[in-house]
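The structure under discussion appears below in the form of structure tokens.
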Amino acid sequence: MAFTVHDFSDLVRLLAQHPEWQAELRRLILTEDLLRLPAIVQELAEAQRRTEEQVRELTAAVARLEAVVEELVQAQRRAEERVEQLEDRVGRLETVVGELVEAHRRAEERLSHLDATVRELAEAHRRAEERLSHLEVVVRELVQAHQQAEERLSRLEAAVRELAEAQRRTEERMEIAIQEMGRFQNALGATIEEEAESVLLTVLEEKGYRPLAEPTVLSLDGEIDVVVPIQDQTGATLWAIVEVKTRLSRRVVHDWAQRMRSAGWQERLRAAGVPGPYLVYVFGIRIDQHTVTAVQEQGIGLLTGRGERIPPREILTPQF
Numbered sequence: 116m117a118f119t120v121h122d123f124s125d126l127v128r129l130l131a132q133h134p135e136w137q138a139e140l141r142r143l144i145l146t147e148d149l150l151r152l153p154a155i156v157q158e159l160a161e162a163q164r165r166t167e168e169q170v171r172e173l174t175a176a177v178a179r180l181e182a183v184v185e186e187l188v189q190a191q192r193r194a195e196e197r198v199e200q201l202e203d204r205v206g207r208l209e210t211v212v213g214e215l216v217e218a219h220r221r222a223e224e225r226l227s228h229l230d231a232t233v234r235e236l237a238e239a240h241r242r243a244e245e246r247l248s249h250l251e252v253v254v255r256e257l258v259q260a261h262q263q264a265e266e267r268l269s270r271l272e273a274a275v276r277e278l279a280e281a282q283r284r285t286e287e288r289m290e291i292a293i294q295e296m297g298r299f300q301n302a303l304g305a306t307i308e309e310e311a312e313s314v315l316l317t318v319l320e321e322k323g324y325r326p327l328a329e330p331t332v333l334s335l336d337g338e339i340d341v342v343v344p345i346q347d348q349t350g351a352t353l354w355a356i357v358e359v360k361t362r363l364s365r366r367v368v369h370d371w372a373q374r375m376r377s378a379g380w381q382e383r384l385r386a387a388g389v390p391g392p393y394l395v396y397v398f399g400i401r402i403d404q405h406t407v408t409a410v411q412e413q414g415i416g417l418l419t420g421r422g423e424r425i426p427p428r429e430i431l432t433p434q435f
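Plus 115 on top of the position in the sequence shown (first one is 1) and you've got the numbering used here.
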């Protein structure tokens with residue numbers, strides 16, 4: 116049987132009377148994918164709306180982040196300048212002040228630029244009313260970031276002043292410590308030399324030598340710590356010479372022995388009234404095995420607080 120226009124009109128009327136038949140008819144006529152198309156379109160529209168909202172939020176966040184990063188870069192640069200200025204100490208204070216003035220000038224320029232930016236934002240607000248809320252948020256954040264930067268600058272300047280004062284106090288304490296160390300070293304050196312003189316005189320007497328004068332210090336391109344003229348059992352005159360160190364090392368022993376064997380050094384000793392022959396010693400408080408080996412290799416004597424540890428291998432005869 117043919118489907119007529121009259122039949123179609125009846126069908127439309129029946130569908131209007133029975134809405135539940137409409138869904139069944141759509142299910143029979145349309146495919147499943149076409150039936151789901153409105154829901155899919157709605158989901159896509161909602162996803163697009165969320166994406167646009169996220170893009171707007173991301174744009175605002177990036178703008179804020181750029182401002183914060185710029186402020187951090189400027190703050191880091193100023194901090195580095197101030198550290199360098201502190202290293203130059205008080206003598207560079209005028210340079211520091213000049214740089215701070217220049218930094219202030221640049222800050223004023225940035226403020227002027229910020230004012231221009233705000234005016235541009237206001238003009239953009241006039242052209243695009245729908246962006247008013249967003250622009251107001253941006254301006255408030257910029258002002259807050261600027262205030263925070265000024266607060267950080269104030270705190271940094273206070274820290275710089277505190278560091279300068281701490282540096283001054285440290286320098287005063289270091290000066291006092293250096294003076295105390297100098298007095299301690301002088302006292303320690305005198306005490307060690309006195310100990311070396313006492314040990315040397317005791318050893319010489321035990322070996323049968325007779326001191327002809329009190330031990331002295333000879334200044335000759337650096338001090339010779341103990342020098343004393345002595346007489347042996349045959350009546351011959353010799354000179355006992357001692358290099359005194361708190362801590363002896365292999366190099367000290369080697370350098371001292373080579374200096375005493377030098378013809379030029381012996382000539383200078385003779386010119387200073389110490390013609391030789393020489394009984395050469397080193398004296399030390401702290402001595403290790405390497406030092407003992409060096410003394411034995413060089414053939415000179417070794418004295419400690421306990422007396423003569425190693426006797427000189429021979430009496431050193433001048434080469435002139």
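Just so it is clear, CB atoms sit at the ideal spot from N, CA and C, and this is done for glycine as well. Since we're looking at a predicted model, the values are computed, not measured.
query                                                                                                                                                                          : result
Tell whether a beta-carbon distance below 8 Å holds between P433 and R385.                                                                                                     : yes
At what residue ranges does the stretch 174-226 contain a whole run of the beta strand (DSSP E), taking only runs of 3 or more?                                                : none
So, at 6 Å on beta carbons, what are the nonlocal neighbours of P426 in its own chain, with the 5 sequence-adjacent residues on each side left out?                            : G416
Straight-line CA distance for E429 to L394?                                                                                                                                    : 8 Å
Enumerate in chain order the residues of its own chain whose CB-to-CB distance from G399 is below 6 Å, with the five nearest sequence positions on each side excluded.         : K360, L363
Return the first residue and the last residue of the beta strand (DSSP E) that E358 is part of.                                                                                : 352-362
Determine whether the beta carbon atoms of V342 and P330 lie at a separation below 8 Å.                                                                                        : yes
Hey, quick one: how far does the beta strand (DSSP E) through L394 stretch, first residue to last?                                                                             : 393-401
Label V253 either buried or exposed according to how many other C-beta atoms from any shown protein chain fall within 10 Å of its C-beta, with 16 as the threshold for buried. : buried
So, helix, strand or coil for E429, using DSSP?                                                                                                                                : coil
So, with DSSP's three-state summary, where would you put Q346?                                                                                                                 : strand
Which residues in the same chain as G304 place their Cβ atom closer than 6 Å to its Cβ, once the five residues preceding and following it in sequence are excluded?            : Low confidence applies here, because G304 scores a pLDDT of 40, under 50, leaving its location unreliable and the question unanswered by this model.
Closer than 7 Å by C-beta to A311: which residues in its own chain qualify, once you throw out the five before and the five after it? Chain order, please.                     : D340, V341, V357, V359, F398, L418
Please state the DSSP three-state secondary structure of L145.                                                                                                                 : coil
Going by other Cβ atoms of all chains shown within 10 Å of its Cβ, with 16 needed for buried, is V410 buried or exposed?                                                       : buried
Between Q373, W380, E251, T349, which lies nearest to S334 when the distance is taken from Cα to Cα?                                                                           : W380
Tell me which same chain residues have a C-beta within less than 7 Å of the C-beta of R383, skipping the five on either side of it?                                            : L335
Just to confirm before moving on: does the CB-CB distance between Q404 and V368 stay below 8 Å?                                                                                : no
Measuring from the CB of T419, is there a heavy atom of the ligand SAH at a distance below 7 Å?                                                                                : Absence of the ligand SAH from the depicted structure is noted, as is the absence of any ligand whatsoever, leaving it without description.
Mind reading off the beta-carbon distance from E265 to R179? Whole number of angstroms is fine, and I expect it under 8 Å.                                                     : The pair is not a contact, with the Cβ atoms about 17 Å apart (cut-off 8 Å).
Is it the case that the Cβ atoms of A355 and L327 are separated by a distance below 8 Å?                                                                                       : no
I need the DSSP call for G379, collapsed to helix, strand or coil.                                                                                                             : helix
Given a cut-off of 8 Å on the beta-carbon distance, is the pair Q137 and L130 in contact?                                                                                      : yes
Alpha carbon to alpha carbon, how far is L159 from L140?                                                                                                                       : 26 Å
Helix, strand or coil: how does DSSP classify L316 here?                                                                                                                       : helix
Following the continuous alpha helix (DSSP H) through V389, name the residue where it begins and the one where it ends.                                                        : Per DSSP, V389 belongs to no alpha helix (DSSP H) and is neither H nor E.
Quickly, what does DSSP pair G422 with across the bridge? List them, please.                                                                                                   : T419
Answer yes or no: does any C-beta atom of chain C fall closer than 8 Å to that of W380?                                                                                        : Absent from the structure is chain C; it holds one protein chain and no more.
Expressed to the nearest angstrom, what Euclidean distance is found between the alpha-carbon atoms of Q200 and H219?                                                           : 16 Å
Between the C-alpha atoms of L226 and T174, what's the straight-line distance to the nearest angstrom?                                                                         : 23 Å
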